[in-house]
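Residues 2 to 345 (this note's numbering) are what the sequence shown spells out, left to right. Each residue gets a CB set at the ideal place from its N, CA and C atoms; glycine is no exception. Everything numeric in this text was worked out from a predicted model, so none of it was measured. Please read the structure below before turning to the comments.
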Amino acid sequence: IFCHFYKYILLFLVLEFNFLILSIEIILNLNLFLNCIFLIISAEDVDKQVINSALPEQIRVLDIRRTTKGFNSKNSCDGRTYSYTCPTFAFAPAEATIDFNYRIDATVIDRINEIVKSFLGCHNYHNYTSKKKPGDPSAQRYMVSFYCDKPYEKDGVELISLYVRGQSFMLHQIRKMVGVIIAICRGVAKHDVIERSWQPDRLDLPIAPGLGLVLEEVHYDKYNGKFGNDGMHERLDFVELNDQVSEFRAKYILPTIIKVEKEESSMQLWLEQLPLHTFEVRTEHRHMRTDVNEINSPGLASLQAAAELIEKEEQHSIDTNREVPPDNLSTLADAAQAMSSENN
């Protein structure tokens, strides 16, 4: 499924067709206004033409494939690829002029690709989300690949995209990773902040704007290896749809990123606030840890204080950058908000 602000597909299918959605979690676990290039949903008794005839052009069902009886699009998934697209001026040195005339050079791209290597493998990402204790096993995440693609120009704006594939991600994780990468490139933070972020201390890290975050692909490598060539089931890799994916991105995703950035200057405003972050242990965290250490044993008290603080504190950096859904999706947006309010 191609979907622009794709949570509406769930509402539309449930309200209009009363389909059985078997993998509702994969929808609800992601942000309401997250752009999506490719999404797989489990359903029964569906007709592609009937669905597409009732959907806006920003939401398309591209293909329907037969799977095993026990297939679940959420539980069978073994990886996801996200992209983060933004104007290249985000990675310019701090002293450079921040506007759409900026053009990135090869040395900066090489620098980005060197920085992202630090995220590869398994690390403790408690500093890249909210309300996670330093010792929580669920904060351990594995990044398979991370790279910066070549820059390209559209509508007078030079854009660049970072692609990261991981087994799974937490709330705000990718945006914080991007925020740290940008800060290092601009000279606001040192490269060692990434290594320090794996430690128990809670650091002050920025959250990059949400505008450019896109779910690119959901991976089913294990499923494909087991059932993709058995002669009865089809593979779930959809390589033959790559041209349509590129066309959809160019027609809907990129124009939205450019339009909103020009109208709201989300990245420019965020860059102005970036130097306010210390990239050090948060002040309240340091004070809490010191007070407890004076009373209890040094090693254990420090970890307990950090855990208690993280459990209690609210999200430090709140997303103030909103993505505006297309006009023809406004009714569904209202329905989504109403449903969200009822569930809360």
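Nearest candidate by alpha-carbon position, reference residue i, set the options
| i | options | result |
| --- | --- | --- |
| VAL194 | ARG187, TYR221 and VAL181 | VAL181 |
| LEU242 | HIS192, ASN53, GLU217 and LYS134 | GLU217 |
| PRO152 | ILE105, LYS134 and GLU115 | ILE105 |
| PHE120 | ASN73, ALA107, PHE170 and SER74 | PHE170 |
| GLY71 | VAL219, LEU277, PHE228 and LYS260 | PHE228 |
| LYS223 | GLN168, TYR148 and LEU56 | GLN168 |
| ILE161 | LYS75, PHE239, ASN114 and LYS49 | ASN114 |
| GLY136 | ARG203, ASN53, ARG250 and CYS37 | ARG203 |
| VAL179 | GLN59, CYS149 and ALA97 | CYS149 |
| VAL261 | LEU237, GLY213 and ASP111 | GLY213 |
| ASN102 | LYS118, ARG112 and THR89 | THR89 |
| LEU348 | ILE183, HIS173 and LEU172 | What is shown of the chain runs 2 to 345, which leaves residue 348 out entirely. |
| LEU272 | PRO210, GLU45, ALA251 and ASN73 | PRO210 |
| ALA91 | LEU237, SER267, ASN230 and VAL282 | SER267 |
Burial state of residue i, where buried means 16 or more other Cβ atoms lie within 10 Å
| i | result |
| --- | --- |
| GLY232 | exposed |
| LYS177 | buried |
| ALA93 | buried |
| CYS123 | exposed |
| SER247 | exposed |
| ASN36 | buried |
| GLN50 | exposed |
| PRO256 | exposed |
| ASN130 | The question names Asn, but residue 130 in the sequence shown is Thr. Its Cβ being crowded by 16 or more others within 10 Å, THR130 is buried. |
| GLY226 | exposed |
Extent of the continuous alpha helix (DSSP H) to which residue i belongs
| i | result |
| --- | --- |
| PHE228 | 222 to 228 |
| VAL240 | Neither: VAL240 is in no alpha helix (DSSP H) and is coded neither H nor E. |
| GLU115 | 107 to 117 |
| PHE273 | The sequence as given places Glu at residue 273; Phe does not occur at that position. Looking at the DSSP string, the run of the alpha helix (DSSP H) that includes GLU273 is 267 to 274. |
Coil, strand or helix - residue i by DSSP
| i | result |
| --- | --- |
| CYS186 | helix |
| VAL47 | coil |
| THR86 | strand |
| ILE22 | Bear in mind that a pLDDT of 36 at ILE22, under 50, signals an unreliable position, so the model cannot answer this. |
| LYS260 | helix |
| GLN141 | strand |
| VAL215 | strand |
| LYS177 | helix |
| ILE99 | coil |
| GLU235 | coil |
| LEU121 | coil |
| ILE254 | helix |
| PHE92 | helix |
| LEU29 | With a pLDDT of only 37 at LEU29, under the threshold of 50, the placement of this residue in the model should not be trusted, and no figure is reported. |
Where the beta strand (DSSP E) through residue i begins and ends
| i | result |
| --- | --- |
| SER198 | Not the beta strand (DSSP E): SER198 falls in the alpha helix (DSSP H), residues 193 to 198. |
| TYR153 | 153 to 155 |
| GLU281 | Careful: GLU281 lies outside any beta strand (DSSP E) and carries neither H nor E. |
| VAL165 | 158 to 167 |
Proximity test, residue i beta-carbon vs the ligand PLP heavy atom, cut-off 7 Å
| i | result |
| --- | --- |
| LEU63 | Ligands are entirely absent from the displayed structure, and the ligand PLP is therefore not among its contents. |
- Three or more beta-carbon pairs under 8 Å between the stretch 46 to 66 and the stretch 138 to 145, yes or no? no
- Message: Assess contact between the stretch 125 to 139 and the stretch 153 to 163, defined as three or more Cβ pairs (one per stretch) separated by less than 8 Å. Is contact present?
- Response: no
- Query: Between the stretch 203 to 223 and the stretch 82 to 89, do three or more beta carbon pairs fall short of 8 Å?
  - Reply: yes
- If we count Cβ pairs, one from each stretch, closer than 8 Å, do we get three or more for the stretch 269 to 282 versus the stretch 182 to 193? yes
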